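Here is the structure we will look at.
2 protein chains.
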Amino acid sequence: MITQSLPTALPPDTRTRILDLAEGLLLERGFNAFSYQHLAKELGVKPAAIHYHYPSKDDLGTAIVARQLRRLRKWRDLPRVADLLPVAQFEALLAVYDTHLGHERRVCLFGALAADFRTLPAPMQAELRTFNRELTEWLAQVLAVGRATGTLRFVGSPAAKAAQVLTTLTGALQVARVHDETPFQVIVGQLRLELLA
Amino acid sequence: MITQSLPTALPPDTRTRILDLAEGLLLERGFNAFSYQHLAKELGVKPAAIHYHYPSKDDLGTAIVARQLRRLRKWRDLPRVADLLPVAQFEALLAVYDTHLGHERRVCLFGALAADFRTLPAPMQAELRTFNRELTEWLAQVLAVGRATGTLRFVGSPAAKAAQVLTTLTGALQVARVHDETPFQVIVGQLRLELLA
DNA sequence: AAACTTACTTACTAGTTAGTAAGTTTAAAA
DNA sequence: TTTTAAACTTACTAACTAGTAAGTAAGTTT
Chain A
1 MITQSLPTAL PPDTRTRILD LAEGLLLERG FNAFSYQHLA KELGVKPAAI HYHYPSKDDL
61 GTAIVARQLR RLRKWRDLPR VADLLPVAQF EALLAVYDTH LGHERRVCLF GALAADFRTL
121 PAPMQAELRT FNRELTEWLA QVLAVGRATG TLRFVGSPAA KAAQVLTTLT GALQVARVHD
181 ETPFQVIVGQ LRLELLA
Chain B
1 MITQSLPTAL PPDTRTRILD LAEGLLLERG FNAFSYQHLA KELGVKPAAI HYHYPSKDDL
61 GTAIVARQLR RLRKWRDLPR VADLLPVAQF EALLAVYDTH LGHERRVCLF GALAADFRTL
121 PAPMQAELRT FNRELTEWLA QVLAVGRATG TLRFVGSPAA KAAQVLTTLT GALQVARVHD
181 ETPFQVIVGQ LRLELLA
């Protein structure tokens, strides 16, 4: 047996460890609920080390959103996603949201930042708008093809339905945080019931 | 013409002015984005005056949610709401969310607090859960009667549909904040299209 | 008139925040 | 071998945070 080595999972450097931890805290507790001190203590470095990699908290926040945007584009264009039939693409999207539940009931990026949106630095706002726009456009396309091929069923425009479905998923993760996983499963079940032809 | 005097709109006392301002800031910028200093400066009093009325920020936050819960119950039981037909009750609910758009594009209480939920004091968490549960139960009843009388149309259980619709409305106000009012109108239009028989 | 209450202000504490400047260690490059 | 650059630590600042304690002025009750 040959040792698997592509892609090699290198031990993440400090820069990445900061980003991972900050992203986790953002999605679990909100952007204003963690500080450079928290990050530093958890990572076993001094706060100034965080400033070395991300001079300001604005830079750190923007880096988090920018990375999520890169991930979205990469995921969307992956053959194992792009080549699926619309129904399977929709299920793949639901699986992503379902994953959040298993990770400390994280909300999605959009749901984590929307309420505090006006307190965010402008570059972060811009990245988040792009993130939401591209995801909505992708889903609209999936829905359009799905309806055209008779595997997905809905009334109205694909764009409107996409906006509605994504908004519902964002909210469903928030409800899961406030109560428990049950309402999330109920809401996703309702979405499937309505959409799958 | 007789001067209208019931209920008299007294100039609000400091206690109420604090609550009103804090609620506005909560819904416009998030719970962690305002301080006793902000409140005091805006109201022309000293921070200690706020502490006199609401000893801790936890107390203030809990008072905001508790008042919203009282308002919900009062609204729901108002004759001009309780006596409406289901379709009109649903439209009355949509009107409430629409009102938020006109007020600096405020999100709803639930949408403002869900992301930061774990950082909130326990009494605030409890009040918010009750708020969401009662609102969902109310809408489930409205939907059940609406479908039974043939004026509302949906598949699945009324409870599941109610959870889905409220979650969508919460998210729609958040999307409106991040982008503009357009996606909110699009999503609400989609809801009407699907639900109104 | 005396006692008490309400609604504050003044003055303070202790802790946290983001952020900076200067120095140190380590390893790679010239 | 010297130089250079990356990745930090140490030590600090200025501003802000919630919260407290003591005092005060005005009105209410007894």
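Order-wise, the sequence lines are chains A and B. With full-length UniProt numbering applied, the first sequence closes on residue 197, and no number is skipped along the way. With full-length UniProt numbering applied, the second sequence closes on residue 197, and no number is skipped along the way. Glycine included, each C-beta is placed from N, C-alpha and C at the ideal position. No experiment lies behind these values; they were computed from the predicted model shown.
Listing by chain order, which chain A residues have their CB less than 9 angstroms from the CB of residue i?
i: B:H179; result: R129, N132 and R133
Pick from the options: whose alpha carbon is nearest that of residue i?
i: residue 235 of chain A; options: A:V178, A:P158 and A:R147; result: An answer regarding residue 235 of chain A cannot be provided, because it is not within the stretch 1 to 197 covered by chain A.
i: A:Q125; options: A:V186, A:V65, A:R70 and A:E42; result: A:V65
i: A:A112; options: A:L27, A:D13 and A:T14; result: A:L27
i: B:S56; options: B:Q37, B:D83, B:T182 and B:A162; result: B:Q37
i: B:L128; options: B:A63, B:L43 and B:A144; result: B:A63
i: B:P86; options: B:L72, B:A172, B:L60 and B:A162; result: B:A162
i: A:D77; options: A:L139, A:E194 and A:L43; result: A:L139
i: B:F184; options: B:R153, B:L152, B:R80 and B:A172; result: B:A172
i: B:V188; options: A:R67, A:G156, A:L72 and A:L25; result: A:G156
i: B:L193; options: A:V145, A:L193, A:F154 and A:V186; result: A:F154
i: A:R67; options: A:L39, A:T130 and A:A160; result: A:T130
i: A:L69; options: A:Q141, A:P123 and A:P158; result: A:P123
i: B:P47; options: B:T14, B:E23 and B:G24; result: B:T14
i: A:Q141; options: A:F90, A:Q190, A:V186 and A:G102; result: A:F90
By the criterion of Cβ-Cβ separation under 8 angstroms, what are the contact partners of residue i in chain B?
i: A:E28; result: R118
Would you list the one or two residues that DSSP bridges to residue i?
i: B:L196; result: B:L152
What residues from chain A crowd round residue i, counting only those whose CB sits closer than 7 angstroms?
i: B:A33; result: N32, D116 and T119
Less than 7 angstroms between the CB of residue i and some heavy atom of the ligand ATP, yes or no?
i: B:P123; result: For the structure depicted, the ligand ATP is absent and the ligand set is empty, with no information on it obtainable.
>> Tell me whether the segment 32 to 52 of chain B and the segment 128 to 138 of chain B touch, counting them as touching only if at least three CB pairs, one residue from each stretch, are closer than 8 angstroms.
In response: no
>> Beta carbons nearer than 8 angstroms to chain A: which residues of the segment 182 to 194 of chain B have them?
In response: P183, V186, I187, G189, Q190, L191, L193 and E194
>> So if I threshold CB-CB distances at 9 angstroms, which residues from the segment 136 to 163 of chain A count as touching chain B?
In response: T136, F154, V155, G156, S157, A159, A160, K161 and A163
> the UniProt DNA-binding region "H-T-H motif" (35 to 54) of chain A: which residues have C-beta closer than 7 angstroms to a C-beta of chain B, in chain order?
Replying inline: none
> Would the segment 158 to 174 of chain A and the segment 166 to 175 of chain B be scored as touching if the rule is three or more Cβ pairs under 8 angstroms?
Replying inline: yes
>> If contact is defined by three or more beta carbon pairs under 8 angstroms, each pair taking one atom from either stretch, is the segment 93 to 103 of chain A in contact with the segment 15 to 22 of chain A?
In response: no
>> By the 7 angstroms beta-carbon criterion, what residues does the segment 164 to 178 of chain B contribute toward chain A?
In response: Q164, T167, T168, T170, G171, A172, Q174, V175, R177 and V178
> Taking a cut of 7 angstroms between CB atoms, which residues from the segment 99 to 122 of chain B lie near chain A?
Replying inline: V107, G111, A112, A114, A115, D116, F117, R118 and T119
>> Under 8 angstroms, with one C-beta from each stretch per pair, do the segment 98 to 109 of chain B and the segment 170 to 185 of chain B reach the 3-pair mark?
In response: yes
> Quick one: any contact between the segment 115 to 124 of chain A and the segment 22 to 42 of chain A, if contact means 3 or more CB pairs under 8 angstroms?
Replying inline: yes
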